[in-house]
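Protein chains in written order, with UniProt numbering: chain A, 1 to 382; chain B, 1 to 440; chain C, 1 to 488.
Even glycine gets a Cβ: it sits at the ideal position worked out from N, Cα and C.
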């Protein structure tokens, strides 16, 4: 383990690993085929800083106003010891009793150093509840959970509530997108469930390590959102079993990251070589070509939707474009062209200037046929 | 020791279903039937059972071929019943269906009124006016769309829904998100809407597959079904032997031998990304079929204890896409010995049965997975049509493809998460096949 | 997608410039459509910050909803849209009775809304949902109400789901059917990069222009979402200022917000009109007019519905409406695909690359062939045979019905296919118009054939008060059936 973490440390350089959160964990499932991403994530490399330094930053995608509105909504829902939240949960889970013991763990502090303390407190409260000590209903606000990612413990600080009733823990996520007439945008709901899945896994792990059954955690996520076009909250449930399994698979794969590291040349690092320790004033001094070379030792798998979940997307896109990879044209083109990787190769087969390899005969015939039809329609050399 | 035999289990299940039909206070009964569990037999029994006190009944199937199969079984097994085969205008009856005193073939529902059992496709029934029966039997109900059931449900008071929950869901050619998660999703299967609206209906199941050999039933049951089932036969009852030994011991011969011996073979071609049509894989499938026939395979089973020579009609090649099937059909025509082999997509192989199936793995040669290719029902249909052996042809690398499968499908509130999950089902089957791998 | 389209994508990438796909449009482009560019207020659901709308490229109207002042915005926007819609209510024509349909009055033309892409079309649908149940204030004309604005937006957005409808045009979607670019579909969903590939400014390649168009501060992306960089740079401070200010100070901030919204939307406004003009310049396929006629009928019917005081569209389809809508959506998609194949060279060419169509030469005919009678009282039927030879890679199954642009009414079934190394011989049986001599082309004629449109019969569903037990959750038992009755 220590040799793994020192290996990952070398890749990252002398900086703290980029902390994971549920969002970044959820992104693990978005393009698991990308070896570059897997290695960078395992090593805790700051992909955003990498992209900025390489001149391919991803424009910001989070609206400042949406963030503050989201925070307002959350505060509103949790106001007065979570009274509104509790009544929603009571209806959704068909609970008989009116109150629950509410503990807000954020009072222990929100700094990084407080995380350990909060996690310890979260853990003891959860185990207490699991043992049936204390109140029969427990609501934990801002719990800090821990998950092992690539051999490294990662704290998750969810904007959520873990709620225990009748011996079962429920994960409650508060989101600011609206559910209109019972329907939510599919991508937003998907994001919420994946993040919820990370918390459910962390909670399952906490309980199993203490000898409890993972079934003490409900695999159904409770989602609190504004109803329709109002600010009034409502509760929905989503079956998160698929997402939990999927995320577990990707976490397991990160545990096996050594296989991938073994394929990297010795001494490779993605260190940005900062000139100072202060994150606000320091400048990256790493030679860009050198860094690009280092990145090129990892196999990237660029897809058109990468920008939705990876900060390095524009860098990889530029590389794919430079390399004339079919991938820049999207998935249907790649599917049509089978094993051909580059645009030049495909066009060469189509116009007959390139002789097909034995296994490309069939595709070459189809491309030449399509090319002849193209010429009929649009004329030859244009 | 005291465990009941498969035949006994089957018999009890059918008896229980038939009793339920006549005693239930519910308007509907659902029977889940895994591959080859005697669904058609059940439909025939149920029809006889329901008509016995002089209540004529109606049967709804999804395709003309299914209607023909049912009609032909009814006329053979229940010669005392008069059967009406209702059809559309363009329908031509196959030779095996001969109109006679016990079989009316007509486009006009009025002519079918006197029959004990009237059988037609759902789309034909949708156009029938002034019709009413106490009982309807809906066959292949999991492949029927909710909107089709809506059109015909008024024709009978009560209905028996029979189908295979592991096969493919109905589909549409257009995006149907607007209804996802809503109670009235017209794209949902007839059974899912029925049970959503009437959750108290009895759901029974047939526990024994008489088609799948002992080598396949446990795998298919575990990979694709929430209600488990077992094989009706034992390892020794089903055998596949060859009159001639393999020639050079090449990969194709080894594949064929392994499949005959164990009921499964994965014929694995070198890893390569291919288009949908992968000529090498297609040729491999053809060679495998050729070897099976040239070496004169004989299939022994409970119906043919002294063996039955394997003929082209006993073999099917299954694909995911129609153009793949078209390409294979084209290849088949080049060898007259292969005439009679069925090549079709999973969609169209539903409900069919063969001695040996050769399957082009839906993920073979692909760069990326997709919901379509991962769909559990597709793989289930392809790997559960056989009585003796299933041979899967695939490019190496499916394990990595599954590992790399992205999980970013949109989520719809209130829509049920689908089980089994396609990814897991694929993983399950692949894991099994890896133990039966021959590298080409 | 077809290999032909992929090939054009490859070419576009190689030549750094968009390449043509279909050269004929299948949707109607009105002389005076109304372009609508909605911009949502960040962090809210279907609550506009601004909408730029109008029928005159030179005179966009900007409707601004400064935080705290939504109502005026909505009345103004409603008035603007209603004026446009009602302008189509003056000219009518009479459609004569036909079959079971009685004589009907219909409008001569219909309004057409245009948005930049799917996201905006969805936004209008959500906005319609947010507005259509608003009460009509006492003593005001419902026809100009915000509620009716919601109804109309819903109407347009719902029609846009039908492949055949031109009532709400989606510019990026339409441009993508006519041009292939060197970027993915995901990138093509944004108007600026897509137009950059089609019309790169001088001195730039399509790729360079598309990259430049990605800079949100220089080329604000089309809405309805405000780009976060733009929000931080131009809007955040204004939002804060508007919260606390009153009177003149507030007016000052509103004016600056107006400026910011104009700056954001103006580039897209200009690009969108350029796109509209470009699309209008493409010649339409024959069936376009008939499809627009259907749109006009739908518009007439919905106008009548509202005029008669009809209720707004329900929140959800009930079981019958959902089934009917699904059938109609499927029919629209299938009929459009079928008529485009027969009317647009490019679509036919695409089908030739996928094997669903072929071009071949007639090598043999049997115009007088008959088949024996099918039943006792029937006569032999005339079923001419045609043999066609093609070197296209045909993938058709026997019994498939085919038709060609030479005479779409003649349908022929594939009887037999014979493959040789170089070409394929296809034997066809003429099934429709069998007595018409022109249904059998002469030997030597070149034919283009593809799968014929399926016959569509409108499915019959039960009325809403007769929904069967399978689709209602009443939990009733069988009528007249007591438990155990049959056991006795």
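| field | Proximity test, Cβ basis, 8 Å: residue 330/A and chain C | value | So, interface residue.
| residue 413/B: contacting residues in chain A (beta-carbon distance under 7 Å) | Here the neighbours are 179, 182, 183, 184, 189, 236, 238.
| field | Bridge-paired residues (DSSP) for residue 372/A | value | Paired residue(s): none; residue 372/A is not in a bridge.
| Which residue's Cα is closest to the Cα of residue 11/B: 129/B, 208/B, 77/B? | Nearest option by C-alpha distance: 208/B.
| query | Three-state secondary structure (DSSP) at residue 245/C? | reply | Residue 245/C falls in the coil class under three-state DSSP.
| Mind checking if residue 6/A is an interface residue toward chain C, Cβ cutoff 8 Å exclusive? | At a cut-off of 8 Å between C-beta atoms, residue 6/A does not count as an interface residue with respect to chain C.
| field | Chain-order list of residues whose beta-carbon lies under 7 Å from that of residue 105/C (same chain, five-residue window excluded) | value | Counting only residues of its own chain and dropping the five nearest sequence neighbours on each side, residue 105/C has a CB closer than 7 Å to the CB of 92, 94.
| Along chain B, which residues have their Cβ under 7 Å away from the Cβ of residue 461/C? | The answer, in chain order, is 150, 151.
| said: Residues in the same chain with beta-carbon distance under 8 Å from residue 421/B, minus the five sequence neighbours each way, listed in chain order, please. | reply: Excluding sequence neighbours, residue 421/B sits near 376.
| How long is the line joining the alpha carbons of residue 115/C and residue 266/C, rounded to whole angstroms? | Approximately 14 Å between the Cα atoms of the pair.
| query | Who are the Cβ neighbours of residue 1/A in its own chain at under 8 Å, not counting the five residues just before and after it? | reply | Caution applies to residue 1/A, whose pLDDT of 44 falls short of 50 and renders its modelled position unreliable; the model cannot decide the point.
| Pair within 8 Å by beta-carbon distance, residue 34/C and residue 269/C | No. Outside cutoff.
| Got a sec: is the Cβ-Cβ distance from residue 277/B to anything in chain A below 8 Å? | Residue 277/B counts as touching chain A.
| Other residues of its chain near residue 431/C: CB distance less than 8 Å, five sequence neighbours each side excluded | Excluding its 5 nearest sequence neighbours in each direction, residue 431/C has C-beta neighbours in its own chain below 8 Å: 383, 401, 411, 412, 413, listed in chain order.
| For residue 226/A, which residues does DSSP report across the bridge? | For residue 226/A, which the question treats as bridged, DSSP gives the partners 233/A.
| request: Determine the DSSP secondary structure at residue 321/A, reduced to helix, strand or coil. | output: The three-state reading of DSSP puts residue 321/A in helix, counting H, G and I together.
| said: Is it the case that the stretch 225-233 of chain B contacts the stretch 252-268 of chain B, given that we only count it when at least three CB pairs across the two stretches are under 8 Å? | reply: Because the criterion of three Cβ pairs below 8 Å is not met, the stretch 252-268 of chain B and the stretch 225-233 of chain B do not touch.
| task | Under 7 Å between beta-carbons, which chain A residues line up against residue 274/B? List them in chain order, please. | result | By Cβ distance, chain A contributes 338, 339.
| said: Using 8 Å for Cβ pairs, my map puts residue 325/A next to residue 342/A. What's the rounded Cβ distance? | reply: Sure, about 6 Å apart at Cβ, within 8 Å.
| query | residue 397/B to residue 5/C, Cα distance in whole Å? | reply | Going from the Cα of residue 397/B to the Cα of residue 5/C covers about 29 Å.
| residue 96/C versus residue 110/C - alpha carbon distance | As the crow flies, the alpha-carbon of residue 96/C is around 19 Å from that of residue 110/C.
| query | Got a sec? Which residues, its chain only, sit under 8 Å from residue 132/A by beta carbon, not counting five neighbours each side? | reply | Closer than 8 Å at the Cβ level, and outside the excluded window around residue 132/A, lie 167.
| Expressed to the nearest angstrom, what Euclidean distance is found between the alpha-carbon atoms of residue 209/C and residue 250/C? | Residue 209/C and residue 250/C have their C-alpha atoms spaced approximately 39 Å apart.
| field | Beta bridge counterpart(s) of residue 358/A as assigned by DSSP | value | Beta-bridge annotation (DSSP): residue 358/A is not paired with any residue.
| field | chain B contact for residue 31/A (CB, 8 Å cutoff) | value | Interface with chain B (8 Å Cβ-Cβ cutoff): residue 31/A is included.
| How about residue 359/A: is its C-beta nearer than 8 Å to some C-beta of chain B? | By this cut-off, residue 359/A is an interface position.
| request: Taking only beta-carbon positions, decide if residue 349/C is within less than 8 Å of chain A. | output: Yes, its Cβ sits closer than 8 Å to a Cβ of chain A.
| residue 126/B - DSSP class collapsed to helix/strand/coil | Under the three-state reduction of DSSP output, residue 126/B falls in the coil class, being neither helix nor strand.
| To which residues does DSSP link residue 394/B through a beta bridge? | According to DSSP, residue pairing for residue 394/B in a beta bridge involves 268/B.
| What is the rounded straight-line gap between the Cα of residue 359/C and the Cα of residue 294/B? | When rounded, the separation of the alpha-carbon atoms in residue 359/C and residue 294/B is 38 Å.
| Going by alpha carbons, who is nearest to residue 170/C out of 298/C, 428/C, 37/C? | Measuring from the Cα of residue 170/C, the nearest candidate turns out to be 37/C.
| field | N-terminal and C-terminal residue of the beta strand (DSSP E) that residue 357/C is part of | value | Here the beta strand (DSSP E) through residue 357/C covers 357-366.
| said: Going residue by residue through the stretch 179-255 of chain B, where are the continuous alpha helix (DSSP H) segments of at least 4 residues, counting only ones entirely within it? | reply: Runs of the alpha helix (DSSP H) inside the stretch 179-255 of chain B: 190-197, 217-224.
| field | Backbone CA spacing between residue 287/A and residue 49/A [nearest angstrom] | value | Spanning the two alpha carbons is a distance of roughly 14 Å.
| query | Under 8 Å between C-beta atoms, does residue 370/B make it to chain C? | reply | No, residue 370/B does not count as interfacial toward chain C.
| query | What separation, rounded to the nearest whole angstrom, lies between the Cα atoms of residue 59/C and residue 279/C? | reply | Using only the alpha carbons, I get a separation of about 20 Å.
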